[in-house]
Amino acid sequence: MTVLAQLQAALGSLVDIDPVSLDAARADRSGHAAAGTPIAIVHAETVAHVQQVMRIATATRTPVVVRGAGTGLAGAANAGEGEIVLSTARMTAILEVRSEDLLAVVEPGILNADLNAALAEHGVWWAPDPASRAISTVGGNIATGAGGLLCAKYGVVRDAVLAVDLVLADGRLMHLGHRSVKGVTGLDLASLVIGSEGTLGVIVGATLKLRRLVTGDVCTLAATFPDVRSAAAASAAVTASGVQPAIMELMDAASLAAVAELLALPAPAPGAAQLTVQTDGPAARAEAEAVAAVLRAHAGDVQVTTDHEEGERLLSIRRSMHPAMAALGTTLIEDVSVPRSAMPAMFDEIARIEREFGLTIPTIAHAGDGNLHPNFVFEGPETPDHVWAAADALFRAAIALGGTLTGEHGIGTLKSRWLAAEIGDDQWQLQREITRVFDPLGILNPGKVFHA
Numbered sequence: 012m013t014v015l016a017q018l019q020a021a022l023g024s025l026v027d028i029d030p031v032s033l034d035a036a037r038a039d040r041s042g043h044a045a046a047g048t049p050i051a052i053v054h055a056e057t058v059a060h061v062q063q064v065m066r067i068a069t070a071t072r073t074p075v076v077v078r079g080a081g082t083g084l085a086g087a088a089n090a091g092e093g094e095i096v097l098s099t100a101r102m103t104a105i106l107e108v109r110s111e112d113l114l115a116v117v118e119p120g121i122l123n124a125d126l127n128a129a130l131a132e133h134g135v136w137w138a139p140d141p142a143s144r145a146i147s148t149v150g151g152n153i154a155t156g157a158g159g160l161l162c163a164k165y166g167v168v169r170d171a172v173l174a175v176d177l178v179l180a181d182g183r184l185m186h187l188g189h190r191s192v193k194g195v196t197g198l199d200l201a202s203l204v205i206g207s208e209g210t211l212g213v214i215v216g217a218t219l220k221l222r223r224l225v226t227g228d229v230c231t232l233a234a235t236f237p238d239v240r241s242a243a244a245a246s247a248a249v250t251a252s253g254v255q256p257a258i259m260e261l262m263d264a265a266s267l268a269a270v271a272e273l274l275a276l277p278a279p280a281p282g283a284a285q286l287t288v289q290t291d292g293p294a295a296r297a298e299a300e301a302v303a304a305v306l307r308a309h310a311g312d313v314q315v316t317t318d319h320e321e322g323e324r325l326l327s328i329r330r331s332m333h334p335a336m337a338a339l340g341t342t343l344i345e346d347v348s349v350p351r352s353a354m355p356a357m358f359d360e361i362a363r364i365e366r367e368f369g370l371t372i373p374t375i376a377h378a379g380d381g382n383l384h385p386n387f388v389f390e391g392p393e394t395p396d397h398v399w400a401a402a403d404a405l406f407r408a409a410i411a412l413g414g415t416l417t418g419e420h421g422i423g424t425l426k427s428r429w430l431a432a433e434i435g436d437d438q439w440q441l442q443r444e445i446t447r448v449f450d451p452l453g454i455l456n457p458g459k460v461f462h463a
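Going by the numbering used here, the first residue of the sequence shown is number 12, and it counts up by one from there.
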């Protein structure tokens, strides 16, 4: 009996072989698509369904690619020839909310924004805030170690997960982590799974660490600067001042111009860059005044508002970056992080790479934590060699400044060739050996992350 026949016999209508669906599963939001066509998509609705798929995959030694909403930007959930796509997008239940313990237990397919809409009724929220929060799943957030606009103050996914329910390659169900605030029994395998990009197992549930809803004012500041280096220096100065904004986002001249065109806004001054900062909580107004003083001392033209709608309008400019880039052509959306004090130097490196390769690289940054997203725009479905060469220079510059290849998108397919350059050959081998403990046959997301 073929693998497809076994899946259909065990899971019936949950097995999807529609050509359009299969083609869509080959790609994510990175623009990269896997070669060939997967065998089938299994739309799992229960943990038992996931276990059945993995048992069939192990028995037949068939590769499995786990997929949520397909919003990733590194090609980690793209499935190709001879692979089973295991979708957890239908597993959307909130199984438990305990506001007194500040935790919730959820299935992986629930959307980030839908979760927080439901949690608000209990006076709590889950802090990770990726730009894709309206369309990305919690399981995908955990698999990639997602971040977002609020993580400088409230932390990333790694700071907001207490436990993970994981189905191993052979179908066994493991509960990793704990429900208590503290817990150091044995190795921290739950943290190992966070950011593992589907190479260790299938996330089928998560116990999340929540926060009380923030009370008090919200102040939004928009500051324009004559150039991006001034804006980067100002953001580093805000961090050094000790003030902790909830959001601090930087847009360079090229990204500002692209968004202005998309939204039909007045064109910004040539070379101008912008910082959008938000403070919240009981001290929001005092913190906003302190931030404004720092920004003005660094040549910033600052506007401050406490109006909610105006604040959301200002933030919508930053959140329109992805569609603005898509309007320009095919976009390779990159993701590097450096120490916050190194932000000006990293923008210097981007300017050098632009000159060296004859490119314009529109760049935005989560300036509050040093995470930059340079964008390479080109025509056609395949990334040109000179763009990869420029990206190579960008990655190596970030590492040289004490940074990392990826702050929140992950390694996936697109960055696997650079992984050893950051962590070294010995650690690369050690990490690969760890994946084999979880997945001895190498059937989980093969060719991703550790592909040589």
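Ideal Cβ placement from N, Cα and C applies to all residues, glycine included.
Is the beta carbon of residue i less than 8 Å from the beta carbon of residue j?
i       : j       : result
Pro-141 : Gly-166 : no
Ile-422 : Leu-430 : yes
Ala-378 : Leu-261 : yes
Gly-209 : Met-65  : no
Met-336 : Ala-409 : no
Val-398 : Leu-343 : yes
Thr-415 : Lys-426 : no
Gly-6   : Glu-323 : Outside the displayed span of the chain (12 to 463) sits residue 6, for which this structure offers no information.
Ala-299 : Leu-232 : yes
Asp-238 : Ala-278 : no
Phe-449 : Leu-179 : yes
Pro-355 : Arg-428 : no
Arg-223 : Gly-134 : yes
Ile-146 : Ala-80  : yes
Ile-28  : Ile-95  : no
Leu-286 : Leu-306 : yes
Asp-291 : Ala-257 : yes
Thr-316 : Pro-392 : no
Looking only at C-alpha atoms, which of the options sits nearest to residue i?
i       : options                               : result
Val-215 : Asp-437, Val-77 and His-384           : Val-77
Met-332 : Ile-372, Ala-362, Arg-307 and Val-302 : Ile-372
Glu-433 : Pro-451, Leu-455 and Arg-407          : Arg-407
Ala-150 : Trp-137, Phe-236, Ala-217 and Gly-93  : The sequence shown places Gly at residue 150, not Ala. Of the candidates Trp-137, Phe-236, Ala-217 and Gly-93, the one whose C-alpha sits nearest the C-alpha of Gly-150 is Ala-217.
Leu-84  : Glu-345, Val-204 and Pro-334          : Glu-345
Arg-351 : Asn-382, Arg-363 and Asp-263          : Asn-382
Asp-403 : Ala-244, Glu-393, Phe-387 and Gly-391 : Phe-387
Ala-280 : Val-288, Thr-290 and Ala-268          : Ala-268
Thr-121 : Val-460, Glu-56 and Thr-73            : In the sequence as displayed, the identity of residue 121 is Ile instead of Thr. Answer by Cα proximity: Glu-56.
Trp-136 : Ser-191, Ser-110 and Thr-48           : Ser-110
Gly-212 : Val-460, Thr-446 and Ala-257          : Thr-446
Phe-368 : Ala-400, Phe-389, Pro-385 and Glu-390 : Ala-400
Glu-118 : Ala-131, Arg-101 and Glu-132          : Arg-101
Thr-71  : Gln-17, Ile-105, Ser-327 and Thr-99   : Gln-17
Thr-99  : Val-58, Pro-74 and Val-116            : Val-58
Gln-255 : Thr-82, Val-302, Thr-48 and Leu-15    : Val-302
Pro-451 : Thr-73, Ile-361, Val-31 and Gln-63    : Thr-73
Ala-275 : Ala-308, Ile-328 and Ala-248          : Ile-328
Pro-457 : Val-229, Ser-207 and Glu-320          : Ser-207
Pro-334 : Ile-364, Glu-321, Ala-68 and Ala-271  : Ala-271
Under a Cβ-count criterion, where at least 16 other Cβ atoms within 10 Å of its own Cβ denotes burial, should residue i be classed as buried or exposed?
i       : result
Arg-366 : exposed
Asp-436 : exposed
Gly-194 : exposed
Met-259 : buried
Gly-253 : exposed
Ala-128 : exposed
Asp-396 : exposed
Pro-30  : exposed
Asp-39  : buried
Glu-444 : exposed
By Cβ distance, which residues of its chain are closer than 7 Å to residue i, with the 5 residues on each side in sequence left out?
i       : result
Arg-330 : Ala-142
His-43  : Gly-86, Asn-89, Thr-424 and Leu-425
Ala-45  : Arg-37, Asn-89, Ala-90 and Gly-91
Lys-220 : Leu-113, Leu-114, Ala-171, Val-172 and Leu-173
Ala-138 : Leu-161, Tyr-165, Gly-166, Ala-171 and Arg-222
Thr-394 : Leu-343
His-189 : Leu-173 and Ala-174
Take residue i and list the residues in its own chain whose beta-carbon comes closer than 8 Å to its own, dropping the five residues that flank it on each side.
i       : result
His-60  : Leu-22, Leu-25 and Val-53
Asp-125 : Thr-103
Ala-264 : Asp-238, Val-239, Pro-279, Pro-281, Gly-282, Ala-283 and Ala-284
Glu-132 : none
Quick one: what's got a C-beta closer than 6 Å to residue i's C-beta in the same chain, skipping five residues either side?
i       : result
Pro-293 : Gly-227
Gln-19  : Val-26
Val-548 : The question about residue 548 has no answer here: the residues shown for the chain are numbered 12 through 463.
Gly-311 : Ala-234, Phe-236 and Ala-245
Check whether the Cβ of residue i sits closer than 7 Å to any heavy atom of the ligand ATP, and report yes or no.
i       : result
Leu-200 : Looking for the ligand ATP in the displayed structure turns up nothing, as the structure carries no ligands at all.
Report task. Only counting runs of 4 or more residues, tell me where the alpha helix (DSSP H) segments fall wholly within the stretch 53 to 96, in order along the chain. Result -> 58 to 71
Query - Inside the stretch 352 to 429 only - alpha helix (DSSP H) runs reaching at least 4 residues - result: 354 to 368 and 396 to 411
Requested in this report: Pick out the complete beta strand (DSSP E) segments inside the stretch 278 to 365, 3 residues or longer, and give them in chain order.
Outcome: 284 to 292, 312 to 316 and 341 to 344
Query raised in the report: Going along the chain, which unbroken runs of the alpha helix (DSSP H) with 4 or more residues stay wholly within the stretch 111 to 189?
Result: 123 to 130, 149 to 155 and 162 to 165
Query raised in the report: Which runs of the alpha helix (DSSP H) spanning at least 4 residues fall entirely within the stretch 211 to 263, listed in chain order?
Result: 239 to 252
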